[in-house]
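Quick note on UniProt numbering: the sequence shown kicks off at 1 and runs consecutively. In this text, a Cβ means the ideal position worked out from N, Cα and C, and glycines have one as well.
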Amino acid sequence: MKNRLSFLLIFILTICNAQVSDFKTIDFTKADNIAKLNKDGSLENLPVLVHKLTSKLTTDVEKFRAIYTWVCTNIRGDYKQQNKVKKSRENFKNDSIGYLIWNSEFKKTVFKKLLNQKKTICTGYAYLIKEMCFIANIESVIIDGYGRSFETNVEKLESANHSWNAVKLNNKWYLCDATWSSGYMINGQLFIQEYNDGYFLTDPILFAKNHFPIQKKWFLNDDQIKAKFRAEPIVYGETFSQKTIPISPKKLVTTINKNEEINFKFKYLKSINTDEISLIQISGADKKPYKIYDLKNENGIISFKCKFKSNGFYDVHLNIKNDIVATYTIEVIKT
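The following block contains the structure:
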């Protein structure tokens, strides 16, 4: 995570590869270059912009790639609007009808600022993806639900706090999150634009690590549809770009006895050396490694063990190639 854990926005075994592998024969270079060539294109005439982005591409997935890349690299997150929405959720936490009325009016402001300043929040990102797909004759829907991040960790379901998209390509639905692909917020006051390809056509099992849709059919995975909500370990943008799937511990908070052995396991979809794996504690700018042992890599399923010798709460982070990809809280109690 390259020293930005404290302000990163984000925030199982059955998976074999990310959904984007369905299109592994597609070279997205042309689509990405078209998006770059149309940098700073105007939203005032959306059909013209979509035509410029898609007319020279032959497949729907390439057209969608050009649209998605353009949106993620030209639309900026708006911390002021985000903070207003966050404050409103608090004010209306016991008045869901009041919040819906407020939100309906606020959307007008969101769309106006998106058009005029190319700044928005998740609602605007999802809306723009859907509208541009409609013009390109690609089916897309907006999905509302709960987003879990370092700053907004949903441990129980209250009011929905995030929106993303599903897109239909070759008669199959895929998931993507243009908001979190576009960049991240620093301390809720500054948006850093940094494209993350990990949220593009992400495998549903990985996507569900920090996206919980209100309509459970949009998990696009039968096991997730049947499962109840559980506060799992926090994952980050790097979890997606590194294609890492945490497997155990399964919950965000795990209680163990002092000196009890705890097993960590995750699936990694790239090649890796075991010396690039560590479990760390962060204190200010310092990273303190924990002693781990029995480290194994069995066909991409990586496991290791660790013990905690003193009572208390420990926030521990799975570190891969200098990126934080998962955060767990370990409660250690007396035997």
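Label residue i either buried or exposed according to how many other C-beta atoms from any shown protein chain fall within 10 Å of its C-beta, with 16 as the threshold for buried.
i, result
"HIS51", "exposed"
"SER193", "Note that residue 193 corresponds to Gln in the displayed sequence, not to Ser. GLN193 comes out exposed."
"GLY284", "exposed"
"ASP177", "buried"
"GLN81", "buried"
"TYR199", "buried"
"SER230", "Looking at the sequence provided, one finds Arg at residue 230 rather than Ser. Answer is exposed; the Cβ neighbour count stays below 16."
"ILE320", "buried"
"LEU13", "For LEU13, the predicted model reports a pLDDT of 30, less than 50, meaning its position is unreliable and no value from the coordinates is stated."
"PHE308", "buried"
"ALA35", "buried"
"GLU238", "buried"
"ASN171", "exposed"
"THR109", "exposed"
"THR327", "buried"
"ASN322", "exposed"
"THR274", "exposed"
"LYS243", "buried"
"TYR289", "What sits at residue 289 in the sequence shown is Pro, not Tyr. It is exposed - the Cβ of PRO289 has fewer than 16 other Cβ atoms within 10 Å."
"LEU37", "exposed"
"ASP222", "exposed"
"LEU57", "buried"
"residue 341", "In the structure as shown, the chain starts at 1 and stops at 335, and residue 341 therefore has no counterpart that could be examined."
"PHE212", "buried"
"ASP286", "exposed"
"LEU190", "exposed"
Return helix, strand or coil for residue i, following the three-state DSSP convention.
i, result
"ALA231", "coil"
"GLN281", "strand"
"PHE191", "strand"
"VAL253", "strand"
"ALA136", "coil"
"ILE272", "coil"
"GLU298", "strand"
"residue 337", "Given a span of 1 to 335 for the chain in the structure shown, any question on residue 337 remains unanswerable."
"ASP222", "helix"
"ASN91", "helix"
"GLU260", "coil"
"THR29", "helix"
"ILE214", "coil"
"ASP40", "coil"
"ASN83", "helix"
"THR123", "helix"
"ALA160", "coil"
"residue 338", "With the chain covering only 1 through 335, there is no way to say anything about residue 338."
"THR202", "strand"
"LEU57", "coil"
"ALA166", "strand"
"PHE266", "strand"
"ASP22", "helix"
By Cβ distance, which residues of its chain are closer than 7 Å to residue i, with the 5 residues on each side in sequence left out?
i, result
"ILE135", "LEU46, PRO47 and VAL50"
"GLU232", "LYS209, LYS250, LYS251 and LEU252"
"THR25", "none"
"SER163", "CYS122, THR123, ALA126, ILE142, ILE143 and ASP144"
"LYS39", "ASN74"
Which same chain residues, not among the five before or five after residue i, have their C-beta less than 6 Å away from its C-beta?
i, result
"TYR293", "LYS305"
"CYS133", "SER140"
"LYS296", "SER303"
"ASN91", "none"
My guess is that residue i and residue j are in contact by the Cβ rule of under 8 Å, so how many angstroms apart are they, rounded?
i, j, result
"ILE75", "LYS118", "5 Å"
"LYS220", "LEU175", "Sequence check: residue 220 is Leu here, not Lys. Rounded, the Cβ-Cβ distance is 6 Å, consistent with contact."
"ILE186", "ASP60", "That belief does not hold up - the Cβ atoms of ILE186 and ASP60 are roughly 36 Å apart, past 8 Å."
"LYS258", "LYS334", "6 Å"
For residue i, which residues in the same chain have their Cβ closer than 8 Å to its Cβ, ignoring the five residues on either side in sequence?
i, result
"LYS228", "none"
"residue 336", "Residue coverage of the chain in this structure runs from 1 to 335, which leaves residue 336 outside it and unanswerable."
Exercise. Can we say the stretch 29–45 touches the stretch 55–68, given the rule of at least three CB pairs closer than 8 Å?
Worked result: Cβ pair count under 8 Å is three or more, so yes.
Problem set entry | Any 3 or more C-beta pairs closer than 8 Å across the stretch 259–279 and the stretch 300–320 | The answer is yes - the stretch 300–320 touches the stretch 259–279, with three or more Cβ pairs under 8 Å.
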